[in-house]
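Everything on this sheet refers to the single structure shown next.
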Amino acid sequence: FAPVVIYIHGGGWSGGERYVLNPTTFESFTERGIAVACISYRLAKNGVSVLDCLIDCKDAARFLAKQAKNYNLDPTRFATIGHSAGGHLTLCTALIPNQEALLAGDSSLTEQNPVFLCAVAQAPLVTLLHPEQADSEQTITMNPTAYERFLGGTSSVASTTAQLASNSGREQYISSFQTQIPAIDLAQFLSPECWITRSSPPILLIHGSTDTLISVRGSRYFKQIADERNTRVTYIEVENAWHDFNSQDPEKTPSHTRQELDQISLDFLIQNLLKDIQTK
Numbered sequence: 054f055a056p057v058v059i060y061i062h063g064g065g066w067s068g069g070e071r072y073v074l075n076p077t078t079f080e081s082f083t084e085r086g087i088a089v090a091c092i093s094y095r096l097a098k099n100g101v102s103v104l105d106c107l108i109d110c111k112d113a114a115r116f117l118a119k120q121a122k123n124y125n126l127d128p129t130r131f132a133t134i135g136h137s138a139g140g141h142l143t144l145c146t147a148l149i150p151n152q153e154a155l156l157a158g159d160s161s162l163t164e165q166n167p168v169f170l171c172a173v174a175q176a177p178l179v180t181l182l183h184p185e186q187a188d189s190e191q192t193i194t195m196n197p198t199a200y201e202r203f204l205g206g207t208s209s210v211a212s213t214t215a216q217l218a219s220n221s222g223r224e225q226y227i228s229s230f231q232t233q234i235p236a237i238d239l240a241q242f243l244s245p246e247c248w249i250t251r252s253s254p255p256i257l258l259i260h261g262s263t264d265t266l267i268s269v270r271g272s273r274y275f276k277q278i279a280d281e282r283n284t285r286v287t288y289i290e291v292e293n294a295w296h297d298f299n300s301q302d303p304e305k306t307p308s309h310t311r312q313e314l315d316q317i318s319l320d321f322l323i324q325n326l327l328k329d330i331q332t333k
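Residue numbers for the sequence shown follow the numbering used here, beginning at 54 and rising by one.
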């Protein structure tokens, strides 16, 4: 039975599509007996929240687990990979237990419990609880509209960057959303930092040092608390690289090419998915 890599696309949670994975990447996995599933999810707009995005990602994994025998898949050897919003959903999908009540989706999939052996998150959002980890007004965690997408409502409180960056301002802002779930609890639930423990699967975290869309400070913070909790996180910070891992300064070259990062990600997934499996 084949291990499975689930590819989760990015696009700010409100855009993007699954048809962007390089065919060469598919071949690199399939040549080693690893299946690849590129999934879609509801986009966070028109009343859809990021929680809904995550439920769909979880349901996709649960569906694959349910159909494992039909597709010759191994439901005990799953992995996720994604960039940006996809990186955030990648972490949440791999880290949050499948049976969490908030993640209840398709009732026919409730009993499925796929096991995630690792995750690769590239330039992900890792926390909604610490917007001070953002270092520019353009970053996701400093953007009020991003909070609206995450929490599925419209703010009734005008928020400035300074207010949102402070704990009191953040709590006031988050609590202004009209949701069925206490919004501060939902923000915590959707923060990967809250789910990492010593028993979490290995994570490869990659971030550009000049990223101003999703601040690199978040990934540095994630690595710090991961070390404190003895979580297995490998962190690569790509010098002179922005959110897409390219340089915005023509006089500076990123420390890693995109091809090198893809190979590092590929090797990490293969190593963890095929561990203890006899291969030819």
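Built from N, CA and C at the ideal position, the CB exists for glycine as well.
Is the distance from the Cβ of residue i to the Cβ of residue j below 7 Å?
| i | j | result |
| --- | --- | --- |
| isoleucine 249 | arginine 282 | yes |
| tryptophan 341 | cysteine 91 | Since the first residue of the chain shown is 54 and the last is 333, residue 341 is not available in this structure. |
| phenylalanine 267 | leucine 178 | It should be pointed out that residue 267 corresponds to isoleucine in this sequence rather than to phenylalanine. Their beta carbons are under 7 Å apart, which means isoleucine 267 touches leucine 178 by this criterion. |
| alanine 174 | threonine 146 | no |
| leucine 365 | asparagine 325 | In the structure as shown, the chain begins at 54 and stops at 333. Residue 365 is therefore absent and cannot be evaluated. |
| alanine 176 | histidine 309 | no |
| phenylalanine 131 | proline 167 | yes |
| leucine 243 | valine 103 | yes |
Since residue i contacts residue j with CB under 8 Å, what's their CB separation in whole angstroms?
| i | j | result |
| --- | --- | --- |
| isoleucine 61 | threonine 133 | 6 Å |
Short of 7 Å in beta carbon distance, which residues of its chain neighbour residue i, apart from the five on each side in sequence? Order them along the chain.
| i | result |
| --- | --- |
| phenylalanine 79 | Val89 |
| lysine 276 | Leu258, Val286, Tyr288 |
| cysteine 247 | Gln241 |
| valine 358 | The question about residue 358 has no answer here: the residues shown for the chain are numbered 54 through 333. |
Give the straight-line distance between the Cα atoms of residue i and residue j, rounded to the nearest whole angstrom.
| i | j | result |
| --- | --- | --- |
| glutamate 292 | arginine 285 | 22 Å |
| aspartate 112 | leucine 155 | 12 Å |
| lysine 305 | histidine 141 | 28 Å |
| alanine 157 | threonine 163 | 7 Å |
| alanine 118 | isoleucine 330 | 19 Å |
| tyrosine 274 | tyrosine 124 | 39 Å |
| arginine 85 | aspartate 264 | 33 Å |
| serine 160 | glycine 135 | 26 Å |
| leucine 327 | phenylalanine 82 | 11 Å |
| glutamate 290 | histidine 260 | 5 Å |
| aspartate 109 | glutamine 301 | 34 Å |
If I measure Cβ to Cβ from residue i and keep anything under 8 Å in the same chain, skipping five residues before and after, which residues do I get?
| i | result |
| --- | --- |
| aspartate 127 | Phe54, Ala55, Pro56, Val57, Ala121 |
| glutamine 316 | none |
Short of 6 Å in beta carbon distance, which residues of its chain neighbour residue i, apart from the five on each side in sequence? Order them along the chain.
| i | result |
| --- | --- |
| isoleucine 149 | Trp248 |
Complete runs of the beta strand (DSSP E) confined to the stretch 123-181 [at least 3 residues]: 126-136, 169-175
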